[in-house]
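Step one of this worksheet: look at the structure below.
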Amino acid sequence: MAHTGIHILSGFLGSGKTTLLQRILEEEYQRGRKVGVIMNEAGELPIDTQSLPEGTPLKELLNGCVCCTLSDKLETQISDILYHHDLDVLYIETTGVAHPVEVLDACLTPFLSNKVKVNSIITMVDPNSWAGRHNLRIPLRKLITEQVKHADLVILNKSDQLTIRNKEKLMRELNEINPGGKVLAAKHAQVPWDTFSIIETKQRNEHEKEQTIDHLHIKTYVHTFSSPVNKERFENFLKSMPEQIYRIKGYIRLTGQPGTQLFQYAYGMPSFTPSPLNLENNLVFIGDDLDHAALNEELREVEEESSPSHSSTQD
Ligand SMILES: Nc1nc2c(ncn2[C@@H]2O[C@H](COP(=O)(O)OP(=O)(O)OP(=O)(O)O)[C@@H](O)[C@H]2O)c(=O)[nH]1
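The opening position of the sequence shown corresponds to residue 1 in full-length UniProt numbering, with each subsequent residue numbered one higher.
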């Protein structure tokens with residue numbers, strides 16, 4: 001019986017895993033391969049899954065991390081997707097705080113051994129979080145390094161934000177941590193397609209599991225705006241936000257602009273993209289020890305100060 005190849009997409013929060021997955025799916029569809037996706041998101045809401053092409057066989061693991069609490073569920077999801085679909089390949093996008101070896105371990109259960117073969121671990125690196133990793137708590141700093149160390153392919157993404165000199169310096173650093181893996185730089189996860197077929201799965205030892213990070217304290221908070229918010233006011237909020245917020249994503253409506261915007265924030269860089277989907281205006285915040293009450297209050301203020309009645313009282 002042919003095994004379905006699994007690729008594990010790893011990388012810290014906001015590094016470009018979904019961007020890579022979208023690119024891979026386009027390519028896989030052009031080649032006529034049958035592709036399935038399992039997405040693990042730290043928040044309670046499936047933000048990233050909405051960006052996948054319609055009809056992609058998909059399973060979601062929400063509100064928890066495969067490597068901490070959901071490993072049994074991952075096994076069930078893999079079995080389930082393979083039972084319902086005859087797949088050539090399965091991509092697993094992990095949360096930004098997953099340890100890739102733990103995810104690998106969850107895929108390698110005896111029950112799945114005659115059905116799947118893990119072909120690669122691909123780790124995305126965001127130069128901003130990589131450069132700022134010394135400011136993170138020790139377990140997170142260790143995690144970022146481990147994600148690089150255990151990858152078959154490391155993609156230094158967002159190279160548009162780097163000078164040539166910095167790019168070369170970072171690539172050398174990544175190579176030193178993972179001398180056996182392949183390290184490439186990319187913009188928006190654009191790497192030559194051949195790269196995926198030539199990467200060789202590293203030999204992974206049992207002892208690697210000992211390096212697992214037990215508990216990372218990463219928390220999520222979901223905020224729902226009930227009305228459009230003023231873009232400038234919201235951006236001011238982002239500038240004054242605690243540094244422990246690493247990532248925000250979701251949907252937002254802006255005053256004076258039609259429709260809904262897909263909002264993304266990673267390492268100080270916000271982006272708004274008009275979305276054809278009319279989804280609830282939920283934003284998922286991901287960070288260290290988030291203060292839910294304080295965030296809720298500040299965001300309510302943003303919304304209140306965005307309302308037309310507020311600006312007329314100010315006049
Ligand atoms: N400037 C720049 N932005 C990028 C690049 N690649 C991705 N982005 C942006 O970075 C943000 C995060 O990208 P995602 O692909 O969602 O990252 P992710 O790793 O899936 O995020 P999580 O699932 O939250 O961990 C988005 O706004 C992307 O458009 C790049 O090469 N350059």
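No residue lacks a Cβ here, since even glycine has one placed at the ideal position from N, Cα and C.
Legend entry - Helix, strand or coil at Arg33 [DSSP, three-state]: When DSSP states are grouped into helix, strand and coil, Arg33 belongs to the coil group.
Legend entry - Spatial distance of Pro258 from Thr109 (CA atoms): The alpha-carbon of Pro258 is positioned some 49 Å away from that of Thr109.
Legend entry - Selected residue, minimal CA-CA separation from Leu52, among Thr4, Met124, Ala98, Glu28: That would be Glu28, whose Cα lies nearest to the Cα of Leu52.
Inset, instruction - Return no unless some Cβ of chain C is closer than 8 Å to the Cβ of Leu283. - result: In the structure shown, chain C cannot be found, because there is only a single protein chain.
Inset, instruction - Look at Ser120 and His7 and say whether their C-beta atoms are less than 8 Å apart. - result: Their beta carbons are under 8 Å apart, which means Ser120 touches His7 by this criterion.
Inset, instruction - Note down the Cα distance separating Pro100 from Phe237, rounded to an integer number of angstroms. - result: Straight-line measurement puts the Cα of Phe237 at about 34 Å from the Cα of Pro100.
Legend entry - Beta-carbon gap between Leu20 and Met171 smaller than 8 Å: No, these two residues do not count as a Cβ contact at 8 Å.
Legend entry - Cβ pair count under 8 Å reaching 3, the stretch 238-252 against the stretch 270-286: The stretch 238-252 makes contact with the stretch 270-286: 3 or more CB pairs, one atom from each, lie closer than 8 Å.
Inset, instruction - Sort out for me which residues DSSP pairs Met124 with in a bridge. - result: Met124 pairs with Gly11, Ile155.
Inset, instruction - Assuming Leu279 and Thr260 form a contact by the criterion Cβ under 8 Å, report the distance between their Cβ atoms to the nearest whole angstrom. - result: That pair is a contact at about 6 Å.
Inset, instruction - Give a single yes or no on whether Gln147 has its beta carbon closer than 7 Å to a heavy atom of ligand 1. - result: Distance from the C-beta of Gln147 to the nearest heavy atom of ligand 1 is not below 7 Å.
Legend entry - Own chain residues within Cβ distance below 7 Å of Leu25, not counting five before or after: Excluding sequence positions up to five before and after Leu25, its CB lies within less than 7 Å of the CB of Val35, Leu52, Pro53, Thr56, all in the same chain and listed in chain order.
Inset, instruction - Flag Leu174 as yes when its Cβ comes closer than 7 Å to any non-hydrogen atom of ligand 1, and as no otherwise. - result: No, ligand 1 has no heavy atom inside 7 Å of this Cβ.
Legend entry - Within 8 Å, strictly: CB atoms of Gln147 and Phe234: Phe234 is positioned such that its CB atom lies no closer than 8 Å to that of Gln147.
Legend entry - Alpha-carbon spacing of Thr195 relative to Leu9, whole angstroms: If I take the Cα positions, the gap works out to 14 Å.
Inset, instruction - Could you tell me whether any non-hydrogen atom of ligand 1 is closer than 7 Å to the CB of Thr18? - result: The answer is yes for Thr18.
Inset, instruction - Could you tell me whether the stretch 78-86 touches the stretch 122-138, using the rule of 3 or more Cβ pairs below 8 Å? - result: No: fewer than three Cβ pairs fall under 8 Å.
Legend entry - Alpha-carbon to alpha-carbon, Asp88 and Tyr267: Those two C-alpha atoms are separated by around 35 Å.
Inset, instruction - Quick one: residues in its chain with C-beta nearer than 8 Å to the C-beta of Lys187, no 5 flanking neighbours on either side, listed in chain order? - result: Taken in chain order, the residues that qualify are Asn157, Lys158, Ser159, Asp160.
Legend entry - Alpha-carbon spacing of Thr163 relative to Phe225, whole angstroms: Take the alpha-carbon of Thr163 and the one of Phe225: they are about 38 Å apart.
Legend entry - Residues sharing a beta bridge with His223, DSSP: Leu283, per the DSSP bridge assignment.
Legend entry - Where the beta strand (DSSP E) through Val183 begins and ends: Val183 -> beta strand (DSSP E) spans 182-185.
Inset, instruction - Along the alpha helix (DSSP H) that carries Val101, what are the first and last residues, could you check? - result: Under the DSSP assignment, Val101 falls in the alpha helix (DSSP H) whose first and last residues are 100-107.
Inset, instruction - For my contact list, Glu75 and Lys17 are in at a C-beta cut-off of 8 Å; report their separation, rounded to the angstrom. - result: About 21 Å separates the Cβ atoms of Glu75 and Lys17, ruling out a contact at the 8 Å cut-off.
Inset, instruction - Figure out for me which residue from Glu243, Ala98, Lys115 has the closest Cα to the Cα of Ser79. - result: Minimum Cα distance to Ser79 is reached at Lys115.
Inset, instruction - Keeping to the same chain, check which residues put their C-beta closer than 8 Å to that of Glu303; ignore five residues upstream and five downstream. - result: The beta carbon of Glu303 sits closer than 8 Å to the beta carbons of Phe225, Ser226, Ser227, Val229 from its chain, once the five residues preceding and following it are set aside; these are given in chain order.
Inset, instruction - Please confirm whether any heavy atom of ligand 1 lies closer than 7 Å to the CB of residue 316. - result: No information on residue 316 is available, as it lies outside the stretch 1 to 315 that the chain covers here.
Legend entry - Terminal residues of the beta strand (DSSP E) in which Lys142 lies: Note, Lys142: premise wrong, no beta strand (DSSP E); alpha helix (DSSP H) at 138-149.
Legend entry - Residues that DSSP places opposite Tyr251 in a beta bridge: Note: Tyr251 sits in a beta bridge opposite Leu262.
Inset, instruction - Rounded to whole angstroms, what's the CA-CA distance from Gly14 to Ile245? Just pull it up for me. - result: For Gly14 and Ile245, the distance between alpha carbons rounds to 11 Å.
Legend entry - Three-state class that DSSP yields for Glu304 in the structure shown: Note: Glu304 maps to helix in three-state DSSP.
Legend entry - Exposure label - Asp105; buried when at least 16 CB within 10 Å: That one is buried.
Inset, instruction - Starting from Glu235, trace the alpha helix (DSSP H) both ways and give me its first and last residue. - result: That run of the alpha helix (DSSP H) goes 231-239.
Inset, instruction - Kindly indicate which residue of Lys182, Ile138, Pro139 has the alpha-carbon position closest to the one of Ala151. - result: The shortest C-alpha separation from Ala151 is found at Lys182.
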